[in-house]
Each structure stands twice: as structure tokens, then as C-alpha cells.
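Undergrad: Provided herewith is a single structure, encoded as C-alpha cells, for subsequent inquiry.
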Amino acid sequence: MRLVPKYIKNLSPYVPGKRIEDIKINSNLGKIIKLSSNENPYGPSKKAIKIINTCFKNLHRYPDSSGFLLRKKISKIYKVNIDNVILGNGSEGIMSAIIRTFLNETDEMISSENSFIGFRVLANASGKKINWVKAKNYKYNLHAISDKINENTKIIYLANPDNPTGTYFNKLNFEKFMNNVPERTLVILDEAYFEFASHLKDYPDSMSYRFDNVITLRTFSKGYGLAGLRIGYGLAHRELISNLMKVKLPFEPSTPAQLAALEALNDSEHLRKTIKFNIIGIDMLIKQFDLLGLSYIDTSANFITLIFDNYKKASYFTSFMLENGIILRSLKGFGLDNCVRISIGTINEIKIFIKILKKYES
29 MRLVPKYIKN
39 LSPYVPGKRI
49 EDIKINSNLG
59 KIIKLSSNEN
69 PYGPSKKAIK
79 IINTCFKNLH
89 RYPDSSGFLL
99 RKKISKIYKV
109 NIDNVILGNG
119 SEGIMSAIIR
129 TFLNETDEMI
139 SSENSFIGFR
149 VLANASGKKI
159 NWVKAKNYKY
169 NLHAISDKIN
179 ENTKIIYLAN
189 PDNPTGTYFN
199 KLNFEKFMNN
209 VPERTLVILD
219 EAYFEFASHL
229 KDYPDSMSYR
239 FDNVITLRTF
249 SKGYGLAGLR
259 IGYGLAHREL
269 ISNLMKVKLP
279 FEPSTPAQLA
289 ALEALNDSEH
299 LRKTIKFNII
309 GIDMLIKQFD
319 LLGLSYIDTS
329 ANFITLIFDN
339 YKKASYFTSF
349 MLENGIILRS
359 LKGFGLDNCV
369 RISIGTINEI
379 KIFIKILKKY
389 ES
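With my numbering applied, the sequence shown covers 29 to 390.
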């Protein structure tokens with residue numbers, strides 16, 4: 029149709045990981061283990077589940093458009109004013125609002141070529157010019173991104189840790205980078221995997237800097253296990269937040285999402301266990317990869333990425349594992365044809381994965 033802009037016609041939509049239900053329908057496999065979408069395998073906090081079960085009787089009412097209680101809780105945690113906090117349908121919902129709020133006709137964006145595909149879709153859908161920068165050793169090349177900044181650069185997107193590689197840039201490199209970013213340029217700092225990296229001594233928690241031109245994004249989808257409710261939050265200067273509040277959808281996130289997120293923040297023990305078992309799971313996989321001589325990218329998130337010699341070998345690996353009931357994530361759509369991402373499942377799921385992995389190698 030002529031009504032559709034060329035940049036939308038040419039847009040490749042986001043393709044999510046395979047669903048367990050789809051695999052069961054098309055195969056005779058019994059138990060299916062999904063290790064493809066970086067979800068929390070232990071589910072949400074019991075406190076979050078309990079509060080969700082109490083809110084159904086009020087679902088005929090619209091959600092609190094301001095998200096006051098949750099924003100207030102988040103503001104206390106980070107010692108900021110409530111006017112520095114925004115909620116959205118996942119961090120992608122806030123990314124979308126940022127692009128719609130701050131980009132003028134001639135504005136441009138910069139990001140890493142093989143980073144989070146959700147941002148790539150949103151950026152390409154904007155019709156604006158995007159300067160994609162190649163990664164270096166599967167990491168953000170902050171120096172090369174700095175070199176791309178020009179008078180039209182309005183938004184720079186950085187994911188730290190990155191998805192799908194699990195790598196992160198340290199404090200020193202982040203500080204050097206920010207020294208080269210003009211005040212007129214917004215930096216979206218996507219810290220969706222913050223909870224899994226925050227213990228690292230050289231990890232640059234963006235909230236410890238408080239840059240006026242940085243918008244920090246975090247989510248309840250990963251560490252808190254609320255992916256199905258789609259809720260995330262952003263932290264930034266009050267002027268940035270006030271303008272975003274004008275553009276975001278008025279009744280997002282939903283009532284169950286807001287209440288569950290509030291209770292999730294009150295259950296620090298559930299988060300602690302999630303992080304603990306994630307570290308154990310990564311160690312189990314790395315030990316086995318080393319024994320089998322498989323190449324992988326060191327990770328600071330809740331997944332680990334294997335590197336194969338070429339796409340053919342990577343594709344065969346994902347197909348082999350799928351035939352044995354394990355769903356993994358091919359990274360062809362991210363531009364990393366020779367890589368396969370493995371989400372960290374439960375300890376039992378990892379044991380099953382390792383058992384099948386040994387068959388692949390035998």
C-alpha cells in the first residue's frame with residue numbers, strides 16, 4: 029500500500045524465541061526446556077503472585093495512570109524524586125516513547141550493530157538515520173561510537189550488559205565515553221540485566237553518576253521474573269521524564285503489573301536466590317564448555333553465548349538441541365550468524381542440557 033512509508037515496508041519485525049507450545053504441537057517430544065528468551069526459570073516472587081490473585085475483582089477499573097505507588101517505591105530505592113521515574117510496558121515501551129518524544133526531523137541515532145534487536149526494530153521504524161557501529165570482540169566499541177557523534181546526533185543507545193553477548197563495558201571506558209558526549213545528546217542506557225552484573229566491581233551502575241542526559245532503563249522481566257506482565261521503568265532528569273510522561277500511553281502498565289512489581293521489590297530474598305542460582309548455572313555450563321573445547325563469550329547476564337566456526341555449525345547445533353527438546357536462540361537475526369544464545373535455566377534444566385550436549389559432542 030502507498031500509505032505505508034518505505035522504511036516500514038522494508039522493516040524486519042522482531043522475531044521472538046520459539047514457544048514451548050509450538051514445539052509440542054509439531055513434535056512427539058515430551059518435556060520441552062526453553063532456554064531461548066532469558067526468562068527467570070524460577071518464576072516470580074510468591075508475594076507478587078499473591079497480590080495478582082487479589083486484584084482480579086477490580087479489573088474493570090483502569091490502572092493508575094501515574095503509577096504513583098510503584099514510582100514512589102522506586103524513587104525511595106534510588107534516592108531520587110518521584111518526578112525522576114517513569115513506568116512502561118517493559119523497557120521497550122519506554123524506548124518507544126523516548127524515540128517519539130525527542131527526535132526531530134533531522135536528528136540521528138547511534139548504536140552497536142549487533143546489540144538488542146528490540147531497539148533496532150524501534151529505531152528503524154522511526155524512519156530516522158541510524159549510524160550502526162560494529163562491535164569489537166563482541167563488545168561495544170565506545171571509542172568508535174564516540175567518533176560517529178555529529179551535530180545531528182540526538183540519541184545513543186547502549187545496553188550494559190549487552191544482549192545477546194552478555195558482555196559489559198567498565199567504569200573507566202564508560203566515563204571516557206561520557207566525556208565525549210555533548211549535553212544535547214541523550215544516552216539511553218539499557219540496564220535490563222543490571223541485577224546480574226551489579227556485583228562486579230568495575231560495572232558502571234549508571235545511577236551512581238546521575239548524568240542529566242542519560243536515561244537509565246531497567247526491567248522486571250529478568251531478575252524479577254515478571255516477563256509476562258511487561259513492566260519496566262526509567263530513571264532520568266525530571267525535565268526528560270516530564271516530557272516522556274506526555275507521550276507515553278496513559279494507562280500503562282496494567283494494574284496487575286504495577287502491583288506485582290511493587291511486591292517483587294519487597295521480596296529481596298527471591299532476587300538473591302535468582303542471582304545465586306544464575307551464577308551456579310553459568311559455572312556449570314562454562315566447566316562443561318571448557319571440557320568439550322567449545323568457544324563462548326564471557327557473560328555478566330543470565331545467559332551465555334556459544335561461538336561456532338560458521339552459521340552451518342551453529343544452525344546444526346540449535347537443530348540438534350531442538351530435536352532433543354531444548355529450545356535455544358539462534359543469533360542470526362542479531363547479525364551474529366555463527367552464535368547461539370543459551371539462557372540459564374534451573375539447575376535441573378542445566379543438567380539435562382549438559383547430558384544432551386555430551387551426546388552432541390560424542
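Beta carbons: idealized from backbone N, C-alpha and C, even for Gly.
(1) Can you tell which of D318, I354, L257 has the C-alpha that lies nearest to the C-alpha of I372?
(2) Contact defined as beta carbons within less than 8 Å: I believe A220 pairs with N180. What is the distance between those atoms, to the nearest angstrom?
(3) What are the partner residues of N86, as DSSP defines its beta bridges?
(4) Indicate the three-state DSSP secondary structure (helix, strand or coil) for Y344 in the structure shown.
(5) Is the CB-CB distance between E280 and N117 below 8 Å?
(6) What does a CB cutoff of less than 6 Å around I80 pick up in its chain, not counting 5 residues either side in sequence?
(7) Just curious, the beta strand (DSSP E) that R369 is in, first and last residue?
(8) Roughly how many angstroms lie between the CA atoms of N66 and S154, to the nearest whole one?
(9) Am I right that A187 and S143 are in contact with their C-beta atoms under 8 Å? What's the rounded C-beta distance?
(10) Count the C-beta pairs between the region 330 to 345 and the region 366 to 384 that are closer than 8 Å, then say yes if the count reaches three, no if not.
(11) CB-CB under 7 Å to N109, same chain, minus the five flanking residues each way: which ones, in chain order?
(12) So, with DSSP's three-state summary, where would you put S107?
(13) From N38 to T134, what distance separates their C-alpha atoms?
(14) Compute the Euclidean distance between the alpha carbons of V368 and L131, then round it to the nearest angstrom.
(15) With V275 and R128 assumed to form a contact (beta carbons below 8 Å), what rounded beta-carbon distance in angstroms separates them?
TA: From the atom records:
(1) As a position in the sequence shown, residue 372 is number 344, starting the count at 1. If we check each option's Cα against that of I372, I354 comes out closest.
(2) The residue labelled residue 220 in the question sits at position 192 within the sequence shown. The residue labelled residue 180 in the question sits at position 152 within the sequence shown. Their Cβ separation, rounded to whole angstroms, is 28 Å, which puts A220 and N180 out of contact at 8 Å.
(3) Within the sequence shown, numbered from 1, the residue matching residue 86 stands at position 58. Note: N86 sits in no beta bridge, so no partner.
(4) Indexing the sequence shown from 1 puts residue 344 at position 316. If DSSP states are grouped into helix, strand and coil, Y344 belongs with the helices.
(5) Looking up residue 280 in the sequence shown gives position 252. Looking up residue 117 in the sequence shown gives position 89. Their beta carbons are under 8 Å apart, which means E280 touches N117 by this criterion.
(6) Here residue 80 refers to the residue found at position 52 of the sequence shown. Contacts found: P284, A288.
(7) What you label residue 369 is simply residue 341 of the sequence shown in a count that begins at 1. Counting along the chain, the beta strand (DSSP E) containing R369 begins and ends at 367 to 371.
(8) Reading the sequence shown from its first residue, position 38 is the one you call residue 66. Reading the sequence shown from its first residue, position 126 is the one you call residue 154. Taking the straight line joining both Cα atoms gives about 27 Å.
(9) The residue given as residue 187 occupies position 159 in the sequence shown. The residue given as residue 143 occupies position 115 in the sequence shown. Contact flag correct, Cβ pair sits at about 5 Å.
(10) yes
(11) The count along the sequence shown starts at 1 and reaches residue 109 at position 81. If we look at N109 and ignore the five residues flanking it on each side, its Cβ neighbours are S103, R266.
(12) Within the sequence shown, residue 107 is the residue found at index 79, counting from 1. The amino acid at residue 107 is misidentified as Ser; the sequence shows Lys. It is coil, neither helix nor strand.
(13) Here residue 38 corresponds to residue number 10 of the sequence shown, with the count starting at 1. Here residue 134 corresponds to residue number 106 of the sequence shown, with the count starting at 1. Distance between the alpha carbons of N38 and T134: 20 Å.
(14) In the sequence shown, residue 368 corresponds to position 340, counting from 1. In the sequence shown, residue 131 corresponds to position 103, counting from 1. The straight-line gap from Cα to Cα measures roughly 34 Å.
(15) Reading the sequence shown from its first residue, position 247 is the one you call residue 275. Reading the sequence shown from its first residue, position 100 is the one you call residue 128. The Cβ separation is near 5 Å, so the contact holds.
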